[in-house]
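Protein chains in written order, with full-length UniProt numbering: chain A, 1 to 388; chain B, 1 to 785.
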């Protein structure tokens, strides 16, 4: 349930991100093209049911992500996992100003900003914000695509699918960013041309009396004050969001630390058949223990209990391992594996000792899952060859 | 020992790069002599243009033939007289110029030092003048986007080649070719990624129009990234810090990792330093009154120098605490090289500060030649050891398989500690023993490869020096400065000596190897063709040595400016004279070499040359000595040999025939021959030499009074005579015991009438048939030797 929820909310967010980036990619043609594409790509996401779905997904996904961090036993992980974790944590603070700014402009100013305004804002009025947008695009895209990878690469059609997906994964953000630059250059040129025209015309001073002038200035000042207060309010909202998020993250890590401190007081000694032999702190899953101790392990789904490539044969265990959980039992059943075979990512050995054997080559690739289904099982010899 | 210095010098090479880039801007223009300002410019005065009439008059004078001759003669005279003073003059001028340059530089440095507090403000001011804060931020955005484009494309590339790369890294290769191919493949794949990255980033950059300064800044930053990545990739390829099995240099992981880290750090800092000083030169180079850019240059140079020194000492400390396995020399190490390299780096830095770029380059190049040569030597030895399959056997397969999986397997934690492939002392001892005993197939080329490496290093150093001093090697010969010419001559001589040395080492090692393989014949054993080679090769070696020395001497003389034409001509005349005189001798020797190459005969073989036959007894450089089987000795110069028949090669067939009466049972004969053949195979004297034993060929022909039965056998040369003798003897005995008689030559005389013949009549008859008997005498059968 939790897994599915995370996946679905992530997929919704990823779909939105893709649409939004594709919209920006029209900047390669012109700013007007971006604007023309908006009703089809970005605007649908602001229509009520979809807009709510998007907000809920955002919220759910962020909270589930924190929950996943809480359950992580080690922060020493593969490169992809590291990138995903860090980028996930970065998205909220980076994105807050953009989201708050757009929603705030609509709610407070009743002003629907089009791409001319926004691009001008990003490239000319606040280039720092523009830089932040580029960063957030990269970070969010990385996070999203890693998540989609982890899910898709276990599908049977991945081998064929990947041929199309790999280029797309690169093309979407690259086109969006290049479109952003191109549209930005256009907007900059427009503004410069406008400024030049204005200075050339030197508008004739209208005949105002002093009172009128004063009233005008007062009105302008009032207006500016109003804008300023609204901006301050928006800024407060943004910083509140970031602050709350930071507190949540801190609490998550703190709780995780407490949990691990409790679990880590005992040691478990692990021996691999034809492999290394070490003892380590208990509390982590077998896969994490292996990674902490530099034992290469296949794990295509990266510890999510879906692929079954991290399977090990448990030759001896003291105390005995707990029964397989629901996820593990389902995967074992799907693969038709015997009772002494378990998934390394799912078992958490109690303090004691363990003798296990790896069953799948560490360098397995997704294609092997489906083409060599039978061969995967008799990889014992192959594994022995590798580690002999 | 070589392994010891290798890493330090590698670092230094990186440092060299950073000096080069820092010096680049100011120095090169002043280094090039052609670009030196000429004092003549001051003497020019402004003159009004000539009137058209004067021009016409001048044209008329110039077209006059006698005038042209006179002018030509005059100009030659002045050129000759100028040439005498030119050398010392130009040298003095050059020296003075350099001194002035250094003095100027010192003054600049003083200004820069005085204004140091104002420098940051000045630089910031110039920056702002060129680029607002917004523009700066935008530039960062641009750079980020281009890096993402490049990075994304590289990631895509990696997805497609990942499987191939993993295959290359995981599989262990035993053959040399396999290893070379794997290394090449790995290099191509890694560099391909880098190329894709560069193309993506630069290509995205090029597809937009930029204001000039933004362009220079953005491009500089992109180039910094690409350079750092290139350095990292190259270092990764050579050092393979994580996977010992892929490492191309003899080094343990303990050393390779910090070394890799230092190379990356140094390359990054040097590139960034260069980019920064380049940007500031663009920014404020023209308007710089306070010496701020100079301060930036010096500061960047100092940073690089300090880092290089830190790297040298760090690596040296690692080496001291845990010496690398060093199999070739047991000499105790002294901490000489780190100190030496530090001195070189500091000296180079000081010279670069003083703007004496040529001197700085000279110090760096000369200081680095020896360490680099030692590295290359170590590398060559390592490669040859690998090629011979003499790697340290300890824990290799395990290390490669496990850690290679760790590096490329995307799901594996990086940074595994593979067991370093360090051989135990016993293994080292084994290897030393092997050095003496086993000689691999590539061993011959080891000294050649070493010399070649040395040759390449020295030649590159010479060219680098020339470049540092003269700017352009191609115009060197026309160079006017005395140092330029001196260096050019030196370079010529060195190149000639090095090439000669290379050729000599190759030839000498090849010849020595050949001679070492030659085992002199023992006792009665006949010497093979190598025996003659053994006499010829030393002569060849000496000839080559003399030839090389002569050639080198000629080249040296020629490059010193001495005319070697007469020498060559004299040598030519003498050569022709000797050539005519020794024509026959030369022909003998040369054709002897070719007979030898053809392997036409060996000592102990029975040969036939025209009318002469006999066993080869000995060979000299000129002639062949053949002993006839009757004792006569023929001496034949090789030049006289037109064709030669060798009776002692591979096999001979001997055919025998004998006559039996018409009533003989041929089947019985066949059986007897077969039995004798079997007996002969068993014979202990020649049984081993038989290739096909005696067999009957049936009736070969019919004669008037008898049948001729043929037998034949095939055997190794030399055994045929003994076998023939034995075969006849055995056949005769067997025929006798089987009641087969040999046909006798008889003349049947039919006498009419039946009375007994008296004595006279018999005599008369015998006399009458005598001619018939004599007419059928058998021919002479050749003697056996």
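Even glycine gets a Cβ: it sits at the ideal position worked out from N, Cα and C. This one's a predicted model, so the numbers in the text were calculated from it and none came from an experiment.
Could you tell me the distance, in whole angstroms, from the CA atom of residue 583(B) to the CA atom of residue 449(B)? 39 Å
Selection of the region 125-151 of chain B by Cβ proximity to chain E, strictly under 7 Å: Included in the structure are the protein chains A and B, with no chain E among them.
May I ask you to report which of helix, strand or coil DSSP gives residue 349(A)? coil
Does the beta-carbon distance from residue 291(A) to residue 297(A) come in below 8 Å? Yes, they are a contact pair.
Counting only Cβ-Cβ distances shorter than 8 Å, please list the residues of the region 116-135 of chain A near chain B, keeping chain order. 123, 124, 127, 128, 130, 131, 134 and 135
Have a look at residue 518(B) and residue 537(B) and give me their C-alpha separation to the nearest angstrom. 11 Å
Which parts of the region 667-727 of chain B are runs of the beta strand (DSSP E), unbroken and 3 residues or longer, counting only runs that do not cross its ends? 690-702 and 707-715
If we count the other Cβ atoms within 10 Å of its Cβ and call it buried at 16 or more, is residue 87(A) buried or exposed? Taking every protein chain shown into account, the CB of residue 87(A) has 16 or more other CB atoms within 10 angstroms, so this residue is buried.
Proximity winner among 753(B), 566(B), 694(B) and 192(B), relative to residue 727(B) (alpha-carbon distances): 694(B)
Which of helix, strand or coil DSSP assigns to residue 458(A): There is simply no residue 458(A) to check, as chain A begins at 1 and stops at 388 in what is shown.
Give the interface partners of residue 177(A) over in chain B, defined as CB-CB distance under 8 Å, in chain order. 145, 148 and 149
Among 299(A), 149(A) and 238(A), nearest to residue 166(A) - alpha-carbon criterion: 149(A)
When you check each C-beta in the region 153-172 of chain B against every C-beta of chain A, which residues fall closer than 7 Å? 153, 155, 156, 159, 163, 166 and 170
Leaving out the 5 sequence neighbours to the left and right, which residues in its chain are closer than 8 Å to residue 768(B) when beta-carbon positions are compared? 749
Between the alpha carbons of residue 849(B) and residue 54(B), how many angstroms are there, rounded? Absent from the model: residue 849(B). The displayed extent of chain B is 1 to 785, so no value can be given.
Check this for me: beta carbons of residue 589(B) and residue 621(B), under 8 Å apart or not? yes
Considering residue 637(B), what are the terminal residues of the beta strand (DSSP E) in which it resides? 633-637
Please go through the same chain and pick out, in chain order, the residues whose beta-carbon is closer than 8 Å to the beta-carbon of residue 786(B), but skip the five residues on each side of it. Nothing in the structure corresponds to residue 786(B), since chain B is present only between 1 and 785.
Mind checking the region 197-217 of chain B against chain A and listing, in chain order, the residues whose C-beta falls within less than 7 Å of any C-beta there? 204 and 208
Would you identify the three-state DSSP class for residue 268(A), choosing helix, strand or coil? strand
With the cut-off set at 8 Å, would you say residue 633(B) and residue 612(B) are in Cβ contact? no
From residue 77(A) to residue 229(B), what does the alpha carbon distance come to, in whole angstroms? 24 Å
Within chain B, the residues that residue 185(A) reaches when beta carbons sit closer than 7 Å: 208
Does the CB of residue 173(A) have a neighbour CB from chain B at under 8 Å? So, interface residue.
Classify residue 607(B) as helix, strand or coil using the three-state DSSP reduction. Three-state DSSP puts residue 607(B) in a strand.
Using a Cβ-Cβ cut-off of 6 Å (strictly less than) and excluding sequence neighbours within five positions of residue 348(A), which residues of its own chain qualify? 285
Measuring straight from C-alpha to C-alpha, what distance separates residue 238(A) and residue 221(B)? Going from the Cα of residue 238(A) to the Cα of residue 221(B) covers about 33 Å.
In or out: residue 169(B) buried (at least 16 other Cβ within 10 Å) or exposed? buried
Determine whether the Cβ of residue 261(A) lies closer than 8 Å to any Cβ atom of chain B. no
Beta bridge counterpart(s) of residue 318(A) as assigned by DSSP: Bridge partners of residue 318(A): 353(A).
On a Cα-Cα basis, can you pick out the residue from 357(B), 95(B), 754(B) and 745(B) that is closest to residue 468(B)? 357(B)
Status (buried if at least 16 other CB within 10 Å, exposed otherwise) for residue 774(B): exposed
May I ask you to report which of helix, strand or coil DSSP gives residue 217(A)? helix
Go ahead and label residue 30(B) buried or exposed: buried means 16 or more other beta carbons lie within 10 angstroms of its beta carbon, across all protein chains shown. Here residue 30(B) scores only 37 on pLDDT, less than 50, and its place in the model should not be relied on; the value that follows carries that caveat. Residue 30(B) comes out buried.
Beta-carbon within less than 6 Å of residue 39(B)'s beta-carbon, same chain only, minus the 5 sequence neighbours each way: which residues are those? Confidence is the limiting factor: at residue 39(B) the pLDDT is only 39, short of 50, which leaves the residue's position unreliable, though a coordinate-based value still follows. Correct list: empty, nothing qualifies.
Please compile the residues from chain B whose C-beta is within a distance smaller than 7 Å of the C-beta of residue 365(A). 163
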